[in-house]
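K.L.:
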Amino acid sequence: MRIKGLPEEPRITAGVAGVLVGHPFDTVKVRLQVQSLEKPQYRGTMHCFQSIIKQESVLGLYKGLGSPLMGLTFINALVFGVQGNTLRALGQDSPLNQFLAGAAAGAIQCVICCPMELAKTRLQLQDVGAARTYRGSLDCLAQIYRREGLRGVNRGMVSTLLRETPSFGVYFLSYDLGTRALGCEPGDALLVPKLLLAGGTSGILSWLSTYPVDVVKSRLQADGVRGAARYRGIVDCARQSYRAEGWRVFTRGLTSTLLRAFPVNAATFATVTIVLTYTRGPEDPAEDEGVPAAAPGSALAQPSSL
């Protein structure tokens with residue numbers, strides 16, 4: 001099934017739903033990825049969830065929420081525009097071109113995604129109450145810019161590119177193959193469940209394809225938040241992390257990420273279906289053929305997107 005565009009309103013609404021459902025899992029993922037080996041604060045995914053709620057209330061799980069919400073519209077515009085235009089430029093709707101178009105979209109949106117995730121990560125890690133450093137996402141980026149300039153705001157850009165480019169390619173490719181294999185055609189009574197399955201599975205596969213890079217990216221963006229900076233770059237971060245903790249360090253937070261991937265995509269697809277039902281009405285069923293296609297991008301476009 002070819003990836004098509006969606007009207008702006010359903011696209012944004014779907015993306016917001018995905019962010020709201022997935023952000024607590026993302027907060028847990030980041031906390032687990034960057035915690036100290038010498039003094040680990042959390043024993044695992046469930047303990048992290050429980051500790052955050054106990055110490056910071058449920059709102060602690062939504063730290064840094066403003067950053068992905070602010071960037072949602074811009075990222076969606078880039079992702080859908082670049083993916084659609086690239087696919088048209090390539091001329092043929094094939095699995096390879098789906099991958100290439102998705103990869104191009106993933107690479108371009110890093111311009112917004114990287115600073116957005118930097119602010120999100122810093123806010124997710126900061127202390128509560130009077131000890132907090134940043135008042136919000138914009139204040140966080142403004143402080144970083146004053147101290148470190150444009151380079152500081154774009155910290156982790158290379159690792160973000162290494163993560164987003166192939167993961168978006170895998171996402172669009174696996175979604176295309178999944179919808180074709182499941183026979184997702186307009187009018188099918190099981191269309192929505194099939195799309196939920198295809199989208200959720202694609203989200204999981206895209207995360208698995210580049211997850212170790214995400215761990216490195218989180219560590220680079222969190223470096224120096226609590227103490228002196230430790231890493232000189234991507235390779236140094238990966239080397240130090242491996243020497244200290246072995247290969248398992250690159251799977252930290254993976255459980256939370258995979259638990260997040262499926263419901264985020266499910267929320268996205270469900271929201272798109274409901275919004276289009278009410279905005280278009282039953283008299284225009286032909287247009288629903290475009291529904292399944294654009295929704296996945298909304299879910300991916302929130303960092304992590306997945």
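In terms of this note's numbering, the sequence shown is residues 1 to 306.
Every residue, glycine too, gets a C-beta built ideally from N, C-alpha and C.
Note that the coordinates shown come from a computational prediction; the quantities given were computed from them, not determined experimentally.
1. Which term fits V249, buried or exposed, when burial requires 16 or more other beta carbons within 10 angstroms of its beta carbon?
2. Inspect the beta-carbon positions of T86 and A104 and report whether they are closer than 7 Å.
3. I need the DSSP call for C184, collapsed to helix, strand or coil.
4. Can you give the Cα-Cα distance for C48 and Q92, rounded to whole angstroms?
5. Work out the CA separation of A261 and A198 for me, nearest whole Å.
6. CA-CA distance, G156 and C110?
7. Among the candidates D223, G227 and L254, whose CA atom is the shortest distance from the CA of L118?
8. Spell out a yes or no on whether the region 163-180 and the region 204-211 are touching, meaning 3 or more CB-CB pairs, one atom from each, closer than 8 Å.
9. In terms of residues, what are the limits of the alpha helix (DSSP H) holding W207?
10. Looking only at its chain, what residues have a beta carbon closer than 7 Å to the beta carbon of T165, apart from the 5 residues adjacent to it on each side?
11. Helix, strand or coil, according to DSSP, for S241 in the structure here?
12. Quick one: is L191 buried, meaning 16 or more other Cβ sit within 10 Å of its Cβ, or exposed?
13. If you draw a straight line from the alpha carbon of V213 to that of V28, how long is it in whole angstroms?
14. Going by CA-CA distance only, name the one from C237, R146, T201 and K120 that's closest to V30.
15. In angstroms, rounded to a whole number, what distance separates the CA positions of Q143 and R226?
16. Counting pairs of beta carbons, one from the region 77-86 and one from the region 145-164, are three or more of them closer than 8 Å?
17. So, is R135 buried or exposed, given that buried needs 16 or more other C-beta atoms within 10 angstroms?
18. Around the C-beta of T45, are 16 or more other C-beta atoms found within 10 angstroms, so that it is buried, or is it exposed?
19. Between Y62, S36, L37 and Q55, which lies nearest to F25 when the distance is taken from Cα to Cα?
20. In angstroms with no decimal places, state the Cα-to-Cα distance between N154 and Q50.
21. D93 by DSSP, collapsed to three states: which one?
22. Put G18 into one of helix, strand or coil per three-state DSSP.
23. Helix, strand or coil for D26 per DSSP?
24. Specify, as a first and last residue, the run of the alpha helix (DSSP H) that R146 falls within.
25. Whose CA, out of G22, P115 and S137, lies closest to the CA of S218?
26. For D139, which option in Q35, T201, L123 and L32 has the closest C-alpha, if you only look at C-alpha atoms?
27. For P95, collect the residues of the same chain with a Cβ closer than 7 Å to its Cβ; drop the 5 residues on either side in sequence, then sort them by chain order.
28. How many angstroms separate the CA atom of R43 from the CA atom of M70?
29. Would you kindly work out how many angstroms separate the C-alpha atoms of W247 and L258, rounded to a whole number?
30. Taking all protein chains shown into account, do 16 or more other C-beta atoms lie within 10 angstroms of the C-beta of R252, making it buried, or fewer, making it exposed?
31. Report yes if the C-beta distance between F74 and I112 is below 7 Å; otherwise report no.
32. Quick check on P40: buried or exposed, where buried means 16 or more other Cβ atoms within 10 Å of its Cβ?
P.N.:
This is what the structure holds:
1. The residue given as residue 249 occupies position 249 in the sequence shown. Buried.
2. For the purposes of this step, residue 86 is taken as the residue at position 86 of the sequence shown. For the purposes of this step, residue 104 is taken as the residue at position 104 of the sequence shown. A104 is positioned such that its CB atom lies closer than 7 Å to that of T86.
3. As a working note, residue 184 is residue 184 in the sequence shown. Assigned with DSSP and collapsed to three states, C184 falls in coil, not helix or strand.
4. Counting from one through the sequence shown, the residue named residue 48 turns up at place 48. Counting from one through the sequence shown, the residue named residue 92 turns up at place 92. Between C48 and Q92, the C-alpha separation is close to 46 Å.
5. Within the sequence shown, the letter at position 198 stands for residue 198. Within the sequence shown, the letter at position 261 stands for residue 261. Whole-angstrom Cα-Cα distance: 12 Å.
6. Position 156 of the sequence shown, counting from 1, holds the residue named residue 156. Position 110 of the sequence shown, counting from 1, holds the residue named residue 110. Distance from the CA of G156 to the CA of C110, rounded to the nearest whole angstrom, comes to 10 Å.
7. On the sequence shown, position 118 is the one that residue 118 refers to. Here the closest residue by C-alpha is D223.
8. At 8 Å Cβ cutoff, the stretches touch.
9. Within the sequence shown, numbered from 1, the residue matching residue 207 stands at position 207. For W207, the enclosing alpha helix (DSSP H) stretches over residues L191 to A222.
10. Taking the first residue of the sequence shown as position 1, residue 165 is located at position 165. Result list for T165: A103, G106 and A107, in chain order.
11. Looking up residue 241 in the sequence shown gives position 241. Collapsing the DSSP output to three states places S241 in a helix.
12. The count along the sequence shown starts at 1 and reaches residue 191 at position 191. Label assigned to L191: buried.
13. Position 213 of the sequence shown, counted from the start, is the residue given in the question as residue 213. Position 28 of the sequence shown, counted from the start, is the residue given in the question as residue 28. C-alpha separation (whole angstroms): 17 Å.
14. Within the sequence shown, residue 30 is the residue found at index 30, counting from 1. Here the closest residue by C-alpha is K120.
15. Locating residue 143 in the sequence shown gives position 143, counting from the first residue. Locating residue 226 in the sequence shown gives position 226, counting from the first residue. One Cα belongs to Q143, the other to R226, and the distance between them is close to 16 Å.
16. Not touching, per the Cβ criterion.
17. Here residue 135 corresponds to residue number 135 of the sequence shown, with the count starting at 1. Within a 10 Å sphere around the beta-carbon of R135 sit fewer than 16 other beta-carbons, which makes this residue exposed.
18. As a working mapping, residue 45 is identified with position 45 in the sequence shown. It is buried - the Cβ of T45 has at least 16 other Cβ atoms within 10 Å.
19. The residue given as residue 25 occupies position 25 in the sequence shown. Nearest option by C-alpha distance: Y62.
20. Residue mapping note: residue 154 aligns to position 154 of the sequence shown, counting from 1. Residue mapping note: residue 50 aligns to position 50 of the sequence shown, counting from 1. Going from the Cα of N154 to the Cα of Q50 covers about 32 Å.
21. In the sequence shown, the residue the question calls residue 93 occupies position 93. Coil, per DSSP.
22. In the sequence shown, counting from the first residue as 1, residue 18 sits at position 18. DSSP places G18 in helix when its eight states are reduced to three.
23. In the sequence shown, counting from the first residue as 1, residue 26 sits at position 26. Helix.
24. Within the sequence shown, residue 146 is the residue found at index 146, counting from 1. Where R146 is concerned, the enclosing alpha helix (DSSP H) stretches over S137 to V153.
25. Residue 218 sits at position 218 when you count from the first residue of the sequence shown. Among G22, P115 and S137, the Cα nearest to that of S218 is on P115.
26. Here the question's residue 139 lines up with position 139 in the sequence shown. Closest by alpha carbon: L123.
27. In the sequence shown, residue 95 corresponds to position 95, counting from 1. Hits under 7 Å: L173, D176 and L177.
28. Mapped onto the sequence shown, residue 43 falls at position 43. Mapped onto the sequence shown, residue 70 falls at position 70. Cα atoms of R43 and M70: separation of roughly 32 Å, rounded to the nearest angstrom.
29. Position 247 of the sequence shown, counted from the first residue, corresponds to residue 247. Position 258 of the sequence shown, counted from the first residue, corresponds to residue 258. Straight-line spacing of the CA atoms in W247 and L258 works out to 19 Å.
30. Taking the sequence shown and counting its residues from 1, the one referred to as residue 252 is at position 252. Its Cβ being crowded by 16 or more others within 10 Å, R252 is buried.
31. Within the sequence shown, the letter at position 74 stands for residue 74. Within the sequence shown, the letter at position 112 stands for residue 112. Yes, Cβ-Cβ distance for F74 and I112 is below 7 Å.
32. As a working note, residue 40 is residue 40 in the sequence shown. With fewer than 16 other Cβ atoms within 10 Å, it is exposed.
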